[in-house]
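Visitor:
There are 2 protein chains.
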Amino acid sequence: MPYDPSAYPPFAVTVDLVVLTVRRHALCALAVRRGEPPYQGRWALPGGFVKADEDLGSAAARELNEETGLRAHESGGSTTEAHLEQLATYGDPQRDPRMRVVSVAHLVLAPDLPSPTPGGDAHSVRWAPVDTFIAPQGGGGRDAGQPAPLAFDHGRILADGVERARSKIEYSSLATAFCPPEFTVGELRRVYEAVWGVALDPRNFHRKVTGTPGFLVPTGGSTTRQGGRPAQLFRAGGATLLNPPMLRPEV
Amino acid sequence: MPYDPSAYPPFAVTVDLVVLTVRRHALCALAVRRGEPPYQGRWALPGGFVKADEDLGSAAARELNEETGLRAHESGGSTTEAHLEQLATYGDPQRDPRMRVVSVAHLVLAPDLPSPTPGGDAHSVRWAPVDTFIAPQGGGGRDAGQPAPLAFDHGRILADGVERARSKIEYSSLATAFCPPEFTVGELRRVYEAVWGVALDPRNFHRKVTGTPGFLVPTGGSTTRQGGRPAQLFRAGGATLLNPPMLRPEV
DNA sequence: TGAATAGTGTCTTTTAGACAATATGAA
DNA sequence: TTCATATTGTCTAAAAGACACTATTCA
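Chains A and B supply the protein sequences, listed in that same order.
Using full-length UniProt numbering, the first residue of the first sequence is number 1, and each one after it goes up by one.
Using full-length UniProt numbering, the first residue of the second sequence is number 1, and each one after it goes up by one.
#1: Going along chain B in order, which residues have a C-beta closer than 7 Å to the C-beta of L56(A)?
#2: Check each residue of the segment 125-140 of chain B: if its Cβ is closer than 7 Å to any Cβ of chain A, include it; give the result in chain order.
#3: Are the CB atoms of V185(A) and L150(A) nearer to each other than 9 Å?
#4: Using DSSP bridges, identify the partner residues of S172(A).
#5: Taking one C-beta from the segment 15-23 of chain B and one from the segment 8-21 of chain A each time, how about it: are there three or more such pairs within less than 8 Å?
#6: Give the DSSP-derived three-state secondary structure of G220(A) in the structure shown.
#7: Can you give the Cα-Cα distance for P244(B) and D92(A), rounded to whole angstroms?
#8: Can you name the start and end residues of the beta strand (DSSP E) that V101(A) belongs to?
#9: Note down, one range per segment and in chain order, each beta strand (DSSP E) of at least 3 residues found wholly within the segment 3-28 of chain B.
#10: For the segment 176-199 of chain A, enumerate the residues whose C-beta is nearer than 9 Å to any C-beta of chain B, in chain order.
#11: When the distance is taken between beta carbons, is V195(A) closer than 9 Å to F178(A)?
#12: Quick one: does Y39(B) have its CB under 9 Å from some CB of chain A?
#13: By the criterion of Cβ-Cβ separation under 9 Å, what are the contact partners of A12(A) in chain B?
#14: Is it true that the segment 157-169 of chain A meets the segment 61-73 of chain A, where meeting means three or more beta-carbon pairs spaced less than 8 Å apart?
#15: Does chain A have any CB closer than 9 Å to the CB of D53(B)?
#16: With H, G and I counted as helix, E and B as strand and the rest as coil, what does DSSP make of F215(A)?
#17: For S103(B), I'd like the list of residues in its chain whose CB is within less than 6 Å of its CB, leaving aside the five on either flank, ordered along the chain.
#18: Helix, strand or coil for F49(B) per DSSP?
#19: Between the Cα of E250(A) and the Cα atoms of V22(B), L247(B) and L241(B), which residue gives the shortest distance?
#20: To the nearest angstrom, report how far apart A88(B) and T224(A) are at their CA atoms.
#21: At 8 Å on the CB atoms, spell out the chain A contacts of V104(B), in chain order.
#22: What does the Cβ neighbour count give for L247(A), buried or exposed, with the cut at 16 atoms within 10 Å?
#23: For V32(B), which residues does DSSP report across the bridge?
#24: Which same chain residues, not among the five before or five after F205(A), have their C-beta less than 6 Å away from its C-beta?
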């Protein structure tokens, strides 16, 4: 097809962010409250328009920084930085009633942040357990109640992001992105338990995780911040792919 | 942000297709020759603009059908239909010198087609081994020669699609999407060998693949089209996730 | 008969998973 | 001391990988 600007329909392109962390043994997502229609007053994922001369990943990192103060790398975070990767793109013609918007969703995995409500406005930004917005694991039990639907198609985007995180910590070292720079084997185990929603055997987990080459590097220090016997401190090793992988029970 | 159409920059949105098949023991991709600048005369991935009222997956399926006559489902193909899934979105501001174009790439896995050059124009559409365009596996040997670069950023898109296919046939039953409706264990093994570029032990492969629940269903028939002793014919079972997974040697 | 492919069986090594037992610090 | 968590060790079952051997067709 020849180059003719009138020959293609115009779109708005946005980035939406699924920002996940583990707080008090629960997988939580960052949500913002909408101040105007449509979906006024409803919770939504943070996001915004991609600028005219901005790359998609840069736009996602900018929005993340504006919303949380976090910095993120697109390929594997390190010190106090979060992991950022593209998730998927959502472009149903009806997904935004105002106009045709294609949203490139990104997934961010971040350690638990010191401030309960990061950013400026405590009314309109919060961490919430993902079960607040999406049905838990395999249909869910009676006690969870109905999820509060997010604005637009953000419920589906969040569900896709959570599923990506759940499957990706199986075969990559990404679970360490939820941990502070130095962490114990037990803290890492609690990350897996929170993300997968299962209990893991601490003894087999310890043997497996310390035996996987490149996953963990001991720092020499130890801590008793979890109580009990002092635990060795580790930081993330250089490996990105785990071999053998961690296996989610009962698949 | 308030609704103000002038407040967001306009983008063109396209779909590009990584269409893969296995032909003569080689993983091949569909390529089209560009008839006009930029990159005139260079090979590129098939694709085109998303229409004003069209979903992304529908646009990909439409382009695929226009190019090859194939029909595709977005979630698991069956009879003579191909597998289609979203791959990733590419939006570097400089990726198209004419204007700002965001491309939502899709991955298609199709069985070997009867016509060598599907579609109408044999000059401008062809199947080519993926090594024609991208460096093979781990850096590649001496004998492969330099790959012929595709137009735009299509080399990277193709590489991402090939890697997705290589990893996805490990833990899903997607390898059957490369096979005709009825196929033998040996034919399925040759698919794995072509996609991964390795040789697999036929005996262990047979035991493993027939022992994985839901992967293969015997049709009762048999064939000698590969020579040798007649082989049982199978069709794809209902399982989409393989447990245990097929493991790529030497990772 | 020989070449080619299909299919079964057997053995060894590795890994997963269950769980006993010990180690170490805090309340 | 008791409790909580960390860490090591042992056992069993499952799976991966190597490879001998048999089966069936066609040229």
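Where is the CB? At the ideal position from N, CA and C, for every residue including glycine.
Guide: According to the structure data:
#1: T89 and G91
#2: none
#3: no
#4: L241(A)
#5: no
#6: strand
#7: 35 Å
#8: V101 to L109
#9: 12-23
#10: none
#11: yes
#12: no
#13: P5, Y8, P9, P10 and F11
#14: no
#15: yes
#16: coil
#17: T14, D16 and Y90
#18: strand
#19: L241(B)
#20: 43 Å
#21: T89, G91 and V102
#22: exposed
#23: A44(B) and V125(B)
#24: R189
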